Amino acid sequence: MAWYVDTHCHLDLFPGIQQTVAEQDAVPIKTISVTNAPFLWRPNQQLFRSCRNIRLALGLHPELAGQRVHEMALFEALCTETKYIGEIGLDGTTTNQQERDAQLLVLRGVMAVLRTSPAKILTVHTRRAAVETIQELATGLADTPHQVILHWYSGNLTELRRAVELGFYFSVNHAMLTSKSSTALLKSIPRSQLLTETDAPFTFSPAVPDRLTSLRKTMKMLSNQWAMEEQECLHLVWENFSGLLKATH
194 MAWYVDTHCH LDLFPGIQQT VAEQDAVPIK TISVTNAPFL WRPNQQLFRS CRNIRLALGL
254 HPELAGQRVH EMALFEALCT ETKYIGEIGL DGTTTNQQER DAQLLVLRGV MAVLRTSPAK
314 ILTVHTRRAA VETIQELATG LADTPHQVIL HWYSGNLTEL RRAVELGFYF SVNHAMLTSK
374 SSTALLKSIP RSQLLTETDA PFTFSPAVPD RLTSLRKTMK MLSNQWAMEE QECLHLVWEN
434 FSGLLKATH
């Protein structure tokens, strides 16, 4: 059976999630739910402890790096408890140099922890910082077994090609694929390195009120782009995700 795949969402930010955990776990989606800081790991672990289809990622979001850099010791202590890391990365929307320095310090700290860690799956934020983020990942994770997913990639084609050569995956969502620039980038992503995400709840709207609707919309867009049946697209993404899990087993 091919499942829908959501490699990047923020379930803990869903309104009323404490009452709807079972409902989220019951939809036919294999899910990686990211956390934005290490202090959120334990509450999330408790919240989703009984889930079969939801897995938690340990993260420290770049936009929180300046406030949470002191949690790197906690990140290292918790790292052995999961094979999923995220949300991590760099964000170039800030012009504050102190914040940029904190982001880089955190990302390098995460990679230093991972140098001696068993294989993990990373979901990485690169907004307006793709060149620098990909360079840091290429250097910091060289000769490690970790698998990288670039979440909602919006960088240039040159860096995309470099990431492809490095074996990185790319996760796309319905909101991303409404952009002409993103659909152009999609043409250069090998189908074998493509995954899906929702980035929910941030991509929700009256027309797309839940994750299943989001992923179905994404499949329709991929189907149109690739001239394939939607079920073929679903199977392809599922095979890619299954391969990723096997590579980090």
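Numbering-wise, my numbering comes out as the position in the sequence shown, counting from 1, plus 193. Beta carbons: idealized from backbone N, C-alpha and C, even for Gly. Please read all numbers here as calculations on a predicted model, not as lab measurements.
| query | How should Gly360 be labelled, buried or exposed, when 16 other C-beta atoms within 10 angstroms of its C-beta is the threshold for buried? | reply | Position 167 of the sequence shown holds residue 360. With fewer than 16 other beta carbons inside 10 angstroms of its own, Gly360 counts as exposed.
| task | Give the single residue among Met194, Leu370, Cys202, Gln290 whose Cα lies nearest to the Cα of Ile278. | result | The residue labelled residue 278 in the question sits at position 85 within the sequence shown. Closest by alpha carbon: Cys202.
| message | Can you tell me where the beta strand (DSSP E) holding Gln386 begins and where it ends? | response | Counting from 1 along the sequence shown, the entry for residue 386 is found at position 193. Where Gln386 is concerned, there is no enclosing beta strand (DSSP E), given that its DSSP letter is neither H nor E.
| Just reading off the alpha helix (DSSP H) that Lys223 is part of, what are its end residues? | Translated into positions along the sequence shown, residue 223 becomes position 30. DSSP places Lys223 in no alpha helix (DSSP H) but in the uninterrupted beta strand (DSSP E) bounded by 222-226.
| Stretch pair the region 397-410 + the region 363-372: three plus CB contacts closer than 8 angstroms | Contact between the region 397-410 and the region 363-372 is present, with at least three C-beta pairs closer than 8 angstroms.
| request: Under the assumption that Glu390 contacts Val357 (Cβ atoms under 8 angstroms), give the Cβ distance between them as a whole number of angstroms. | output: The sequence position of residue 390 within the sequence shown is 197, counting from 1. The sequence position of residue 357 within the sequence shown is 164, counting from 1. Between Glu390 and Val357 the beta-carbon gap is near 18 angstroms, outside 8 angstroms, which marks them as no contact.
| Can you tell me the Cα-Cα spacing of Arg320 and Leu267, whole angstroms? | Your numbering for residue 320 matches position 127 in the sequence shown. Your numbering for residue 267 matches position 74 in the sequence shown. For Arg320 and Leu267, the distance between alpha carbons rounds to 25 angstroms.
| query | Can you tell me whether DSSP reads Phe363 as helix, strand or coil? | reply | Within the sequence shown, residue 363 is the residue found at index 170, counting from 1. Here Phe363 sits in strand by DSSP.
| query | Considering only C-alpha positions, which residue in the set Val227, Pro231, Ser243, Glu352 is nearest to Val214? | reply | Position 21 of the sequence shown, counting from 1, holds the residue named residue 214. Cα-wise, what sits closest to Val214 is Ser243.
| Are three or more beta carbon pairs between the region 255-273 and the region 289-299 nearer than 8 angstroms? | Because the criterion of three Cβ pairs below 8 angstroms is met, the region 255-273 and the region 289-299 touch.
| task | Measuring alpha carbon to alpha carbon, tell me which of Glu425, Ala420, Trp234, Thr441 ends up nearest Glu274. | result | By 1-based counting over the sequence shown, the position of residue 274 is 81. Closest by alpha carbon: Trp234.
| Thr316 - containing alpha helix (DSSP H), residue span | Position 123 of the sequence shown, counted from the first residue, corresponds to residue 316. It is not in any alpha helix (DSSP H) - Thr316 instead sits in the beta strand (DSSP E) that spans 314-318.
| For His442, is the classification buried or exposed, using 16 other Cβ atoms within 10 angstroms of its Cβ as the cut-off for buried? | Within the sequence shown, numbered from 1, the residue matching residue 442 stands at position 249. It counts as exposed.
| query | Should Glu280 go down as buried or exposed, given a rule of 16 or more other Cβ atoms within 10 Å for buried? | reply | Walking along the sequence shown from the start, residue 280 turns up at place 87. So Glu280 ends up on the buried side.
| His201 - DSSP class collapsed to helix/strand/coil | Translated into the one-based positions of the sequence shown, residue 201 becomes position 8. In the displayed model, His201 falls within a strand according to three-state DSSP.
| message | Can you give me the C-alpha to C-alpha distance between Gly209 and Val303, rounded to a whole angstrom? | response | Translated into the one-based positions of the sequence shown, residue 209 becomes position 16. Translated into the one-based positions of the sequence shown, residue 303 becomes position 110. Looking at the backbone, the Cα of Gly209 and that of Val303 are separated by about 31 angstroms.
| message | Taking the beta strand (DSSP E) that Leu298 belongs to, which residues open and close that run? | response | In the sequence shown, residue 298 corresponds to position 105, counting from 1. Boundaries around Leu298 are those of the alpha helix (DSSP H), 290-307, since no beta strand (DSSP E) includes it.
| request: Please classify Lys380: is it buried, with 16 or more other beta-carbons within 10 angstroms of its beta-carbon, or exposed? | output: The residue given as residue 380 occupies position 187 in the sequence shown. The residue is exposed, with fewer than 16 neighbouring Cβ atoms inside 10 Å.
| Among the residues of its own chain, which have a CB less than 6 angstroms from the CB of Gly285, if the five just before and after it don't count? | Sequence index remark: in the sequence shown, residue 285 carries index 92 (1-based). Result list for Gly285: Arg321, Ala322, in chain order.
| query | In terms of DSSP beta bridges, what is Gly282 paired with? | reply | The count along the sequence shown starts at 1 and reaches residue 282 at position 89. The bridge partners DSSP lists for Gly282 are His318.
| Rounded separation between His339 and Arg354 - CA only | One-based indexing of the sequence shown puts residue 339 at position 146. One-based indexing of the sequence shown puts residue 354 at position 161. So the two alpha carbons sit approximately 19 angstroms from each other.
| task | Tell whether a beta-carbon distance below 8 angstroms holds between Phe395 and Lys223. | result | Indexing the sequence shown from 1 puts residue 395 at position 202. Indexing the sequence shown from 1 puts residue 223 at position 30. No, they are not a contact pair.
| request: Spell out the partners DSSP gives His344 in its beta bridges. | output: One-based indexing of the sequence shown puts residue 344 at position 151. When beta bridges are read from the DSSP output, His344 appears opposite His318, Ser364.
| task | Can you grab the Cα-Cα spacing for the pair Ala250 / Thr200, in whole Å? | result | Here residue 250 refers to the residue found at position 57 of the sequence shown. Here residue 200 refers to the residue found at position 7 of the sequence shown. Going from the Cα of Ala250 to the Cα of Thr200 covers about 10 angstroms.
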